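First the structure, in the form of structure tokens, and then the observations on it.
Chains as they are written, first to last, in the UniProt record's numbering: chain A, 1 to 397; chain B, 1 to 397; chain C, 1 to 397; chain D, 1 to 397.
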């Protein structure tokens, strides 16, 4: 059941650095858990905070050697590139606006990049980053981590195998409630940068979690979005970015079938929702339903038959799920395991690229800089459509 | 716990007639169960089919006296109006296009009308029917039956009491799968008329179940719809009406709060969904969630507190729910009980109207001809918006 | 989908009387809803309370003719037997200790009996009642109402068809919480008689709901209980009967397979449980799970395959379920509908018995006086085993 | 939210060895994931298989230095004790019968032991091991991993704080289905040793998972078991150990309250159950419910109030849960995270013990050799009671 990517292969762990993720951060710790779980990475360097003192203190806490606790990412990129035992990859876990300059520095230093989502804070940065990645020949992995869940891999492969027939309807939603009140004004660090256009970009809720939802829907269905109509709101008085997003989606028709349609709802102001990412896909032959808070279960209904419960590691699970499954059915894997699957795919890719003319094996599945650019185009289209009163809007080129 | 409306009050049951609902029909039987459950009505006459032979056979099966099995509704209205023991109320359970002429005939004969939804097949008929009802002084009850569920009554009263604060987001959906294939061409009677514009009207799925969803959302939230943007689809080739509807809603701002927003999804082509009406309402102070297939439970989350399970007849249930509750918590009531609550409210209204200058008591809660007109305006706006490529459209006057 | 037993056949409703069930009672109203729902019965007479004034007032409320509101059941039995339009059947909804004398009076008057469970308050009464029923040639239906749920019928027929293979394990439970405190001392009428050995018999919780659980388990599995080991407790200080029951069950081996084993838990002192009857049955080929509070769903796992959701009226539902199903899947039927199925089976039986030498058709399925006797034997065995410190005890002959 | 025990404190990871857990094993990999997740341990040595070739190959796969891949645990204990950089702790993940000799060798070599459950294969070994641990002054941690789940920690602390009042009823169950057929005869390695009395001990299902269930119930309730009555079965023909266990429990009365009662069901032959450990505890003031397959949720019902959903990392979670929580609510943690909590508590204990006269801090919570001895006493009592036809049996001294 354990896949190649999860094999505890230790031709020595990959040396990893991190930018951002110091004391008080949330997603930095998640990346570290994910990097450690399968044993493919070892964190050896960091520029963990833009505040040099905090950077050093955070590094010490993580057991980094003092000489590899850097005060700035530029210094880190230079120094690590020069070391014979320098890092091979860096995790970028800063606010969005720093993704571009940080990734640029490391790519130019010949270091692979694993970067949090969304790709950047502006579409322009995103386009430049695509060019940079392509020129660099380095790996760029975007942590749309929900694509790492085994049951999501299964769902995608079922769509691919035609088990749902032609897709007609895609319903995706991602409600939360943690921003129902203006906690960004009360010093909550996570809230502060996410609601700040300077650091977050033009999208608030739609950028932070709406992109996750859209990425997941398109990952599973492999449909291309033709146009969308968005209605973004800012319910909390004084907030600068949207905190609720309603989006209607039209996908491109494929193979003569009518175009599939979709709805996307993202919200950070809906009490009773913690992290309610949920995807439902309906086709001519069947439907599937999956919820992130109960990630080990995939519901599949072949049209006209009883609904079936497919479980991670259990009966009905297919090869695509098994590749990223660690333990048997009934022993729940969670968010960190799904996140770790992205890291372990990245590790397999990095190892493959070590060889002369090494290529990333086709079976590895992880979000790339192109997915990141698509996400930025999605955000831009949503913001533009909403400003144009919900006008049906194509994703910008 | 048993409410006034459900009291098994038998100052003699109310004499009831039925138009439509003969052999092979679905909703006619539902109306009869609903009428019988609390003992307030006795079915004594019918024009149960437009086919006179079937009408008579159906009547015999139901134990109707042969002289009260009519071959046409016109005849029935006349004859019953003339009998000293004639019916006091009639249930109209025909396809939509017949609601108007049938209701007209009975109202003009001085007989109360209980009518299935949507109100009519055209907006014009709906407007005329409103006038007719007002002139007649008779009761007109529209069976938007989902408003009869105790936990829906509770939800509405919680909104009314401000327990959710200002409403921000309303998510309502109503997916089914029974029309995923063109069964209307295989002689399925229910499918045939529902997909026929002549009998159903301009809305297919949006008229049949979308109106239920919208009615439920507005019943609970008491919000007025300002504009909507709709994307209706017909996925099954050759079908004449929509079978999937995506709608974004903007409600009218109230009390200085920003306008609430909503999404409505109705589908009859989504495999794995039987009758998946579900409502979620989120406000500044809390959120509620309810699903028709699990109707005895209402989930309530006061912002910042654990989610709570309120059960019909159980702890947390309020007076509004108790009024329409028959049995204790844990003993599930279902669809027929909710439907019967509408009938029992109607019975209480009819009894009150028997008195000289009798008025319908304020605590009775049932959908009226005005709600029906609103539903027709909603359908019209959806169809028009969709034709105009999702243009934000006001409900017609 | 609508079964013979539910057909709204009105060769005239059956004339029904009721003993018990006056103001303040719970189960009497349930019986009346059940009798009315399918239209097979009309309540025309009653001795609704042992207090003559309350009996008359209760009868008036139910629309009974004053001359058929009796002050005692003996008088009612005599008078109704003498009337040409006298009742054909009587519902007995008194405390347990009155079941025997009331049933006796009506059986001897030639009137069919529909009686609440458990059968009597003593095993001796139960044995005498079996004799009486057999001598009388009259119908005796015991309202172990949970056997009326469509998904329970389905479960039984699946066991019968061998879809589970040889049964190995039976887990049944019935937790409630309404007696967690000594409300019988605060005038709660339902609690008062149920905790009174005089009126209830030797079993408290085990008699009130434990018998339901055991009846359900044996109805579905058709297994015979060989021996049981019981540990009954009275947790609420001062209470006279058990309020929690733990029972291990050994069934008789069948067809060479090892004997199946079971566990039964009944409790009235477990906070958070309303009416949590739940049955799970596991065999060599598959397992099923069903919960009374979610009665429209039956979970079936064929060994080695994904769990499947079978829904009442939906995909996977079989003939045995369809016989007692009124409305389509997704439109939940509940407790009253399941209860009404017992009444409608009774109606079909009574109609069949009207004919000369009329016999009860084999397809009708309802608990009889023999099931009631078995239930009393079960209670006796539990009480005796518990007194003997959990000694494995056979059901008394 | 991140607890002391999970802090990614790296005063250098603890050097860890492993005995057992080579290719084809299940639980060995789980221990390695658990050891790695929080970064407190580094695996540096192993005797991964009793087959020396497999031991070496397995070690190479895990990146162990060849000179630290041992062919026998005795050799490993000696060699590692002699190295200045020798392991500080060893994970014992062999079949049960090897726990004792392996643990003995390492304890005597001055090395801490983390050992899988049950403690040993015989009660005699268990008693000897207790003595050995006490003499050694070394840490002995037993991986009853389910006690590491945050919501279980919360449940225990709620019981401790009296939020449930006096406990009356404890229902615990642990059904699986993977041994429903005799796969031990088809070369399934996990099944082979678990159904072999030589390697497993006197208990099959009761020892493998029944002990988990009992340990969890007593961990949460802190009740002492007074006596039990067990009915063990072997349903699969030819199997040598029990594969289904029914147990009734009587706890010792505390503080004048009546003794609590319990039921325990463990099964490996119940189709449709993957790893269905579930605990329900009911007291005078409230009830709680928790299921291992949905471990982030704890249901709490204060008597007479609506049921509440407490979520790991979410509203309602208390300090005891927060101590072992890594990520926010709605981001599910799973089995490996719970398991890792035991390892991280062990790490904190080991670090504390490094100091002169170092003591294990009181707030650390992990199962000890004494819990392991209790588990063996429980198995022995179950086996003896079952052999004595369910006689109420005390746990042996």
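No residue lacks a Cβ here, since even glycine has one placed at the ideal position from N, Cα and C.
Quantities reported herein were computed from a predicted structural model and do not represent experimental measurements.
For residue 38 (chain C), the closest alpha carbon among the candidates C:181, C:269 and C:348 is that of C:348.
Taking the CA atoms as reference points, residue 277 (chain D) sits about 35 Å from residue 143 (chain C). Ranked by Cα distance from residue 64 (chain A), the first of A:75, A:77, A:48 and A:74 is A:48. Here the alpha carbon of residue 156 (chain C) sits roughly 39 Å from the alpha carbon of residue 301 (chain B). Considering only C:255, C:221, C:256 and C:260, the residue with the shortest C-alpha distance to residue 249 (chain C) is C:260. Put simply, the segment 150-167 of chain A touches the segment 314-327 of chain A. At least three CB pairs are less than 8 Å apart. Taking C-alpha positions only, residue 272 (chain A) is separated from residue 140 (chain B) by approximately 38 Å. For residue 212 (chain B), the enclosing alpha helix (DSSP H) has its first and last residue at 211-221. Scanning the segment 265-346 of chain A for uninterrupted beta strand (DSSP E) segments of 3 residues or longer gives 278-283, 286-291, 297-302 and 307-311, listed from N- to C-terminal end. Here the segment 124-141 of chain B makes no contact with the segment 207-224 of chain B; the two share fewer than three CB pairs at distances below 8 Å.
Contact between residue 145 (chain D) and residue 26 (chain D) is absent: CB atoms are separated by about 13 Å, not below the 8 Å threshold.
Counting of Cβ neighbours within 10 angstroms places residue 231 (chain D) among the buried residues, the total reaching 16 or more.
Residue nearest to residue 34 (chain C) within the set C:327, C:343 and C:387 is C:343 (criterion: CA-CA distance). Apart from sequence neighbours up to five positions away, the residues of its chain that approach residue 133 (chain B) with a beta-carbon distance below 6 Å are 140 and 369, ordered along the chain. Under the Cβ criterion (8 Å, minimum of three pairs), the segment 375-384 of chain B counts as touching the segment 110-126 of chain B.
Here residue 74 (chain B) carries a helix assignment [DSSP, helix/strand/coil].
For residue 14 (chain B), the enclosing beta strand (DSSP E) has its first and last residue at 14-19. Around the Cβ of residue 357 (chain D), a 10 Å sphere holds fewer than 16 other Cβ atoms; the residue is exposed.
If you draw a straight line from the Cα of residue 73 (chain B) to the Cα of residue 366 (chain B), it is about 25 Å long.
Annotation: residue 375 (chain D) is outside any beta strand (DSSP E); the continuous alpha helix (DSSP H) that includes it extends over 369-387. No Cβ of chain B is located within less than 8 Å of the beta carbon of residue 185 (chain D). For residue 327 (chain A), no CB of chain C lies under 8 Å from its own CB, so it is not counted at the interface with that chain.
In the DSSP assignment, residue 151 (chain A) falls within the alpha helix (DSSP H) that extends over 150-160.
Closest by C-alpha distance to residue 16 (chain D), out of D:111, D:97 and D:66, is D:111. Look at the segment 11-39 of chain B: the residues with a C-beta under 9 Å from a C-beta of chain C are 11, 12, 13, 26, 29, 30, 32, 33, 36, 37, 38 and 39. In the three-state reduction of the DSSP assignment, residue 236 (chain B) falls in the coil class.
When rounded, the separation of the alpha-carbon atoms in residue 45 (chain C) and residue 384 (chain C) is 40 Å. Within chain D, the residues 294 and 332 have their CB atoms less than 8 Å from the CB of residue 294 (chain A), given in chain order. Here residue 173 (chain C) is bridged, per DSSP, to C:265 and C:278. For residue 63 (chain D), the nearest CB of chain A lies under 8 Å from its own CB, placing it at the interface with that chain. In summary, no residue of the UniProt domain "GFO/IDH/MocA-like oxidoreductase" (152-289) of chain A has a CB separated from any CB of chain C by less than 7 Å.
The contact set of residue 303 (chain D) on chain C, defined by CB atoms closer than 8 Å, consists of 177, 180, 181 and 271 in chain order. Among the CB atoms of chain A, none fall inside 8 Å of the CB of residue 118 (chain C). Runs of beta strand (DSSP E) with 3 or more residues, each lying fully within the segment 79-164 of chain D, are found at 89-93, 112-115 and 140-142, listed in chain order.
Among the residues facing chain C, residue 86 (chain B) is not included, as its CB has no counterpart in that chain under 8 Å away. Using a Cβ-Cβ cut-off of 7 Å, residue 384 (chain D) is close to nothing in chain C; its nearest Cβ partner there is about 15 Å away.
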